[in-house]
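Novice: Chains as they are written, first to last, in my numbering: chain R, 1478 to 1708; chain E, 71 to 167. C-beta: ideal position from N, C-alpha, C; glycine also. Okay, handing you the structure first.
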C-alpha cells in the first residue's frame, strides 16, 4: 500500500495530508489522554506499535507470484482504538520513508490515510458489530483484521486511480490498480487475521482487566480467574 | 483453548505463505507496490520528488527491514515474557486452593 515518494501529483498529495492530519491530531490527543487516565495501558500502546512494526516489515509471497505486506493496524484499532492507531502508523510510515525509501514523505498523508485511518476504522466498526451480535471474539478479531487489511489496499487503489485515471476514467483505473493489489493481498490478509487472533487471545487471557477498563471487552465474556482479580 | 490450537494456527500461517513458493517455482515475487509504481510510470508519469535517502544496496535494505522486524519482535517478546512471568509468580505466591 506504499505509494512511492513523488508518485502523487499536486493536488492529491496535499488533499490526503489535509484529510489525514485531523485524524492524527485527534489521535495524539487521545494518546496523551489515555496515557494519563490509564497509565497501565502504556505497554499495550508499545505492543500495538510493535505489532504494526513487525507485520508491515514482512514482505510475504502470494499466489499471484508477487509480494506484499500486511499492515497490523486492524488489531491495533480494536485494542487501542482507530485514532491512536493512526498515530502509530505515522511512526512506522516515517521510519520506512526515511530509512527504507519505502513510501515517501510527500505521499505520507495518503499512506497514513489508507493504512492508519481507513483500514483501522473499518476494522473497529466490524469489531463493534461482532461484539453487538455476540460473535465469538476470535471470529470478530479475524474479520476485523482481515477486512481492515484488504480495505487499506482498496483505498490505495482508489487513491492511485483518482490521481491517475485512464482514458476510460476512474473506474477503469481503479480496477487496474485493484488488480495489482487486491488478489495478492487476500492470503496476506488471512494470515494477518490469524496472527491477530493469537495476539488478541493472549491479551484477553493476561490483560483481561485492562482491556475491560479500556472498554475493549466485557469481563464476563472471558475467563475471569484468580490472577486477574489480584491484578 | 489449549496450546495445540495455537500451534495449529501458527502452522496454518506458515503453510499459507509456503504455498505460493511451492506452486509458483518460476514467479518473480516482485513487490505489489513497485508493480503499481511501474503501471504509473508506463503512463508517462515522472515522480516530482525522490527519496531523500535510499539504502545503497539490496543488502542494506534487507538489513533495515530486518531491523524493523527485530525491534517489533523484541517488544512483543518482552511483553509476553513479562506477563507470563508475572502470572507464574502470582501463582507461586497464591497457590490455587
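1) Which whole runs of the alpha helix (DSSP H) in the region 1574 to 1599 of chain R are 4 residues long or more, in chain order?
2) Is it true that the region 1597 to 1613 of chain R meets the region 1574 to 1582 of chain R, where meeting means three or more beta-carbon pairs spaced less than 8 Å apart?
3) If you run the structure through DSSP and keep just helix, strand and coil, what is residue 1629 (chain R)?
4) Kindly give me the distance between the Cβ atoms of residue 1529 (chain R) and residue 1563 (chain R), rounded to whole angstroms, as I take these residues to be in contact under 8 Å.
5) For residue 1639 (chain R) and residue 131 (chain E), I'd like the C-alpha separation in whole angstroms.
6) Could you tell me whether any Cβ in chain E is nearer than 8 Å to the Cβ of residue 1540 (chain R)?
7) Taking the C-alpha atoms as reference points, what is the distance between residue 1512 (chain R) and residue 1499 (chain R)?
8) Residue 1520 (chain R): which of R:1506, R:1553, R:1619 sits nearest, CA to CA?
9) Can you pull the chain E neighbours of residue 1553 (chain R), defined as C-beta to C-beta under 7 Å?
10) Which residues of chain E have a Cβ atom closer than 8 Å to the Cβ of residue 1536 (chain R), listed in chain order?
11) Please classify residue 138 (chain E) as buried or exposed, where buried requires at least 16 other C-beta atoms within 10 Å of its C-beta.
12) For a test of the three-state rule: what should DSSP assign to residue 1643 (chain R), helix, strand or coil?
13) Can you tell me whether residue 1700 (chain R) is buried or exposed? The criterion is at least 16 other CB atoms within 10 Å of its CB, across all chains shown.
14) If you compare alpha carbons, which of R:1628, R:1590, R:1654, R:1502 is closest to residue 1547 (chain R)?
15) Under 8 Å by Cβ, that's how I've got residue 1597 (chain R) and residue 1559 (chain R) pegged, so tell me the actual separation to the nearest angstrom.
16) If you measure between the beta carbons of residue 1545 (chain R) and residue 101 (chain E), is that distance less than 8 Å?
17) For residue 1544 (chain R), does the three-state DSSP call read helix, strand or coil?
Specialist: Let me spell this out:
1) DSSP runs (the alpha helix (DSSP H)) wholly in the region 1574 to 1599 of chain R: 1585 to 1588.
2) Segments in contact, no.
3) Three-state DSSP puts residue 1629 (chain R) in a helix.
4) Between residue 1563 (chain R) and residue 1529 (chain R) the Cβ distance is about 11 Å, and since that is not below 8 Å, they are no contact.
5) If I take the Cα positions, the gap works out to 30 Å.
6) Yes, its Cβ sits closer than 8 Å to a Cβ of chain E.
7) Rounded to the nearest angstrom, the two C-alpha atoms are 20 Å apart.
8) Nearest of R:1506, R:1553, R:1619 to residue 1520 (chain R), Cα basis: R:1553.
9) In chain order: nothing, as chain E lies at least about 12 Å away.
10) Within chain E, the residues near residue 1536 (chain R) are 101, 135.
11) Counting Cβ neighbours within 10 Å, residue 138 (chain E) comes out buried, since at least 16 surround it.
12) Taken through DSSP and simplified to helix, strand or coil, residue 1643 (chain R) comes out as strand.
13) Here the model assigns residue 1700 (chain R) a pLDDT of 48, short of 50, so the residue's position is not dependable, and the following value carries that caveat. Label assigned to residue 1700 (chain R): exposed.
14) When only C-alpha atoms are compared, the closest one is R:1628.
15) With a Cβ gap of about 4 Å, residue 1597 (chain R) and residue 1559 (chain R) count as contacting.
16) A contact, by the Cβ cut-off of 8 Å.
17) In this structure, residue 1544 (chain R) counts as strand in the three-state DSSP scheme.
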